[in-house]
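Q:
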Amino acid sequence: MARKKKSAKFAKIRRHRMRNTIILLLLLTLIGSGCAAIYYFFLLGAGVELPAAFEAAEHFPGRDYAEDRQIQEGFAKNLCVSAEGSIPLEGVALDPSQYGGLFDLDGKRVLFGQNIYEKLYPASMTKIMTAIVALKNGTLTDLVTVSQSALVLEEGSQLCGFQPGDQLTLEQLIQGLLIHSGNDAAAAIAEYVGGTQENFVQMMNEECARLGMTNTHFTNPHGLQDTEHYTSIYDIYLMLNEALRYPKFVEIIQMGAFNVQYQNAFGQVNSIYLESTDHYLTGEATGPKGVTILGGKTGTTDEAGNCLALVSQNEYGKTFITVVANAFDKPELYQQMNQLLEHINS
């Protein structure tokens, strides 16, 4: 009898607890509904619209962004990311007016940064993107005829020396672009791949948007000075990191010189020997012990200073991107680059 009374007592307690729980849940539901009603009344009821999600297709029509999203999802997993614009590193000293970065591609880390998100003029480092767009949209064996308009460049431009009517393959032009930094090669590539230089520049900027290069805007394919032609150290890293996906790019940037043979407008065979603008590849500069310098892209204008974006490997085979921009002269540029390279074996 006592056991039955005890069981009845426990059952009554359980029913009481269950009732309290139900009441509490109802109260929480009413409170939540009230908060939502207040939110919509004061925001939406007052005519304030919530911001719509960003859709790239609305801003860059004509592209297959479903495919781009798939590329970005895989690409983003391999990025070096830093919330800080400047990350100090012992033994590395750049002038405050300079820009620099050291990116560990295997470890996905930014080891050093100075003003990595600040706007800078890239000069011929621009040609990394020119090569990407050409390799992505062109055929290396295609024969390209150099036009007169491709040679309309400012006095003092770095040139391969091509003339109107010269015929070269797209691969030869990309070699002239990356090894000798020829502005004539850049213009000829742009006209061939894009139809016009203007269309090609649009393709460059669309590629920048796809890669998330939010601090970049290009106005030409070669990097000659324009106040609306700019980028950042971090965007240069994104650009060069993308270029490494193309085996032909990696092959070409390792060449210290090349001999290009082509047919001129009169059907004659011309031959030009062109050296790299990268002093590491020509032996004019030497990297630290244990560092293998694969190559990269130089850039020099009065406004941009002396610049270099470089791909290297340490003695364990790990890959790094280093960038220095706005150095005073070439000796300072390579001295500062070596400061960064000293750290890739540590």
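Numbering (the working numbering), first residue to last: 56 to 401.
Beta carbons: idealized from backbone N, C-alpha and C, even for Gly.
1. Identify, in the order they occur along the chain, each residue of the same chain with its Cβ nearer than 7 Å to the Cβ of Q169, setting aside the five sequence neighbours on each side.
2. What would DSSP say about Y311, mapped onto helix, strand or coil?
3. When DSSP labels each residue in this structure, what does N361 get in the three-state scheme?
4. Take M392 as the anchor and find which of G249, I244, L363 has the nearest alpha-carbon.
5. Given a threshold of 16 other Cβ atoms within 10 Å of its Cβ, counted over all protein chains shown, does K182 qualify as buried or as exposed?
6. Report the rounded CA-to-CA distance for S204 versus N296, giving the unit in angstroms.
7. So, helix, strand or coil for D239, using DSSP?
8. Which residues mark the beginning and the end of the beta strand (DSSP E) in which Y328 is found?
9. For A27 versus V199, is the C-beta spacing smaller than 7 Å?
10. With 16 as the cutoff for other CB atoms within 10 Å, does K352 come out buried or exposed?
11. What number of angstroms, rounded off, separates the C-alpha of E330 from the C-alpha of N133?
12. Spatial neighbours of G237 within its chain, please: CB distance less than 7 Å, with the 5 preceding and 5 following residues excluded, ordered by chain position.
13. Of the choices N270, K191, I234, L208, whose alpha-carbon is the least far from that of V248?
14. Going by beta carbon distance, what residues of the same chain come within less than 7 Å of D281, once the five residues before and after it are set aside?
15. How many Å lie between H398 and V207 at the Cα?
16. Decide if H233 is buried, meaning its Cβ has at least 16 other Cβ atoms within 10 Å, or exposed.
17. Mind listing, in chain order, the continuous beta strand (DSSP E) runs of no fewer than 3 residues lying wholly within the region 211-283?
18. Report the option in F383, K344, L388 whose CA atom is closest to the CA atom of L365.
19. May I ask you to list the residues that DSSP assigns as paired with Q169?
20. Can you name, in chain order, every residue of its own chain whose Cβ lies under 7 Å from the Cβ of E262, other than the five neighbours on each side?
21. Identify which residue in D357, K344, T355 has its Cα closest to the Cα of N369.
22. Could you tell me the alpha carbon to alpha carbon distance between L157 and A380, rounded to whole angstroms?
23. Any idea if G350 is buried or exposed, counting beta-carbon neighbours within 10 angstroms, 16 or more meaning buried?
24. Can you say whether D384 is buried or exposed, counting buried as having 16 or more other CB atoms within 10 angstroms of its CB?
A: Based on what the coordinates show:
1. Indexing the sequence shown from 1 puts residue 169 at position 114. Same-chain partners within the cutoff: S141, L149, Q153, Y154, G155.
2. Here residue 311 is taken as the residue at index 256 of the sequence shown, counted from 1. Checking the sequence, you will find Gly at residue 311 rather than Tyr. If DSSP states are grouped into helix, strand and coil, G311 belongs with coil.
3. Position 306 of the sequence shown holds residue 361. If DSSP states are grouped into helix, strand and coil, N361 belongs with the strands.
4. Your numbering for residue 392 matches position 337 in the sequence shown. Of the listed residues, the one whose Cα sits closest to M392 is L363.
5. On the sequence shown, residue 182 is found 127 positions in, with the first residue counted as 1. K182 is buried by the Cβ-count criterion.
6. Residue 204 sits at position 149 when you count from the first residue of the sequence shown. Residue 296 sits at position 241 when you count from the first residue of the sequence shown. Per the coordinates, the alpha-carbon of S204 lies some 32 Å from the alpha-carbon of N296.
7. To locate residue 239, count along the sequence shown from 1; it is residue 184. Helix at D239.
8. Locating residue 328 in the sequence shown gives position 273, counting from the first residue. In the DSSP assignment, Y328 falls within the unbroken beta strand (DSSP E) covering 324-330.
9. Missing from the structure shown is residue 27; the chain here goes from 56 to 401 and no further.
10. Position 297 of the sequence shown, counting from 1, holds the residue named residue 352. Buried.
11. Looking up residue 330 in the sequence shown gives position 275. Looking up residue 133 in the sequence shown gives position 78. Going by the C-alpha atoms only, they are around 33 Å apart.
12. Taking the first residue of the sequence shown as 1, we reach residue 237 at position 182. Only Q213, L214, C215, G231 meet the Cβ criterion.
13. Mapped onto the sequence shown, residue 248 falls at position 193. V248 has its Cα closest to that of K191, out of N270, K191, I234, L208.
14. Taking the first residue of the sequence shown as position 1, residue 281 is located at position 226. Only T274, N275 meet the Cβ criterion.
15. Along the sequence shown, one-based indexing puts residue 398 at 343. Along the sequence shown, one-based indexing puts residue 207 at 152. So the alpha carbons of these two residues sit roughly 43 Å apart.
16. The residue given as residue 233 occupies position 178 in the sequence shown. Per the sequence presented here, residue 233 reads as Leu, with His not at that position. Buried, because 16 or more other Cβ atoms sit within 10 Å of the Cβ of L233.
17. 222-224
18. Walking along the sequence shown from the start, residue 365 turns up at place 310. Closest by alpha carbon: L388.
19. Translated into the one-based positions of the sequence shown, residue 169 becomes position 114. According to DSSP, residue pairing for Q169 in a beta bridge involves G155.
20. Within the sequence shown, the letter at position 207 stands for residue 262. Within the same chain, E262 has close Cβ partners M184, I187, V188.
21. Here the question's residue 369 lines up with position 314 in the sequence shown. When only C-alpha atoms are compared, the closest one is K344.
22. One-based indexing of the sequence shown puts residue 157 at position 102. One-based indexing of the sequence shown puts residue 380 at position 325. Near 12 Å, if we compare the C-alpha coordinates of A380 and L157.
23. Position 295 of the sequence shown holds residue 350. Answer is buried; the Cβ neighbour count reaches 16.
24. In the sequence shown, residue 384 corresponds to position 329, counting from 1. Classification of D384: exposed, given that the 10 Å Cβ count is below 16.
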